[in-house]
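Read the structure below first, then the notes.
Residue numbers (this note's numbering): 9 to 234.
This is how it looks when you write it as C-alpha cells:
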C-alpha cells in the first residue's frame, strides 16, 4: 500500500509498516476492494491525520473509534466531515461544548482540518470501515497500528494532551504515561451519552491551559468559516 503520510511519521512508524500484521491488513483491504466493496475513507485520505499533523507538531490527540460509514463523510480525521456534508450528531455536540467552554459559536461546517494543522492529531482507532457497517474493520489490525501510534507518542513526546471521549477511548489510557502527559476523559459526545458527563467537561480550555502552563502555544479551536 502506498502510504501517503508526512515524512516524520514514516520514520517513527517504519517498524509497524514492516510488520506481518500490516501486510495482512493491506492485503485484506485490497481484496475487499477487488470484491467490489466500498471502503471509507477514500484511499488517498486514509492517512490524512498523519499528513496534516506532523509528528513534531503533535500537541493534542483526540481519539475516535472508527470512521463515519456514510457516503461522503469520512476523510481521514476523527469526528471531522468535509465541507458541504451535514454535521453528524456527535460533532454538533462537540461544537455545543466548545461554545459552552470557550464561547466559540458553533461552526457551519464540520471540516476540522485547521485543528489538525494546529497540532491536534485527529486519530481514529480503526482507519477504515466498510460502507454502511459501523465497526466493520475494528478487528483487522488497525488497532495494533494505532495503539503503537499512541505508545510512540507517549514515549517520544513530552507534555501532550490526550482527549479520550467515551469508554472505548478511555480504555487506551493504559498506553499513555500519565506522569508526563495530560489525560482528559469524559463521556462520549454522542447524543446517547453527552448529557452523562461530556457537556461541562471543558476539555478544550483544560487542554489549552495545560499547554500554556508548559510554555506551548494553545490551540485555536475556532474554525475558519471561509
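Cβ atoms here follow ideal geometry from the backbone N, Cα and C, with glycine treated the same way.
CB-CB length for residue i against residue j, believed under 8 angstroms
i	j	result
residue 197	residue 173	6 angstroms
residue 162	residue 184	5 angstroms
residue 46	residue 139	4 angstroms
residue 16	residue 63	4 angstroms
residue 48	residue 94	About 16 angstroms separates the two Cβ atoms, so there is no contact after all.
residue 24	residue 153	6 angstroms
residue 109	residue 210	5 angstroms
residue 61	residue 124	5 angstroms
residue 243	residue 103	Residue 243 cannot be examined here, being either before or after the span of the chain that is shown, 9 to 234.
residue 160	residue 20	6 angstroms
residue 73	residue 218	With a Cβ gap of about 24 angstroms, residue 73 and residue 218 do not count as contacting.
residue 233	residue 116	6 angstroms
Host beta strand (DSSP E) of residue i (start-end)
i	result
residue 157	Taken as a continuous stretch (DSSP letters only), residue 157 belongs to no beta strand (DSSP E), being part of the alpha helix (DSSP H) at 150 to 164.
residue 174	Element bounds for residue 174: not the beta strand (DSSP E) but the alpha helix (DSSP H), 174 to 178.
residue 72	68 to 72
residue 131	128 to 132
residue 4	Coverage of the chain is limited to positions 9 through 234, which leaves residue 4 absent and any answer about it impossible.
Boundaries of the alpha helix (DSSP H) in which residue i is found, first to last residue
i	result
residue 23	15 to 25
residue 59	56 to 60
residue 267	Beyond the ends of the chain as shown, which are 9 and 234, falls residue 267; an answer cannot be given.
residue 221	211 to 221
Closest residue to residue i among the options (Cα-Cα distance)
i	options	result
residue 68	177, 13 and 170	170
residue 204	101, 212, 19 and 28	101
residue 2	126, 194, 214 and 216	Nothing about residue 2 can be reported from this structure: the residues present for the chain run from 9 to 234 only.
residue 167	191, 181 and 152	191
residue 213	188, 106, 57 and 56	106
residue 227	199, 96 and 66	66
residue 126	91, 70 and 157	70
residue 51	159, 32, 21 and 13	13
residue 186	200, 175, 165 and 176	165
residue 53	114, 136 and 38	136
residue 58	18, 36 and 43	18
residue 215	200, 199, 202 and 189	189
residue 30	178, 151, 200 and 199	151
residue 181	155, 200, 37 and 199	155
residue 2	96, 36 and 178	Residue 2 lies beyond the range of the chain shown here (9 to 234); nothing can be said about it.
Taking 8 angstroms as the threshold, find out whether the stretch 125 to 132 comes into contact with the stretch 82 to 93 through three or more Cβ pairs.
-> The stretch 125 to 132 is in contact with the stretch 82 to 93.
Three or more C-beta pairs closer than 8 angstroms, one from the stretch 71 to 78 and one from the stretch 136 to 147: is that the case here?
-> yes
Quick one: which unbroken beta strand (DSSP E) runs of 3-plus residues sit fully inside the stretch 66 to 112? Chain order, please.
-> 68 to 72
Touching or not, the stretch 113 to 123 and the stretch 215 to 222, by the rule of three or more beta carbon pairs under 8 angstroms?
-> no
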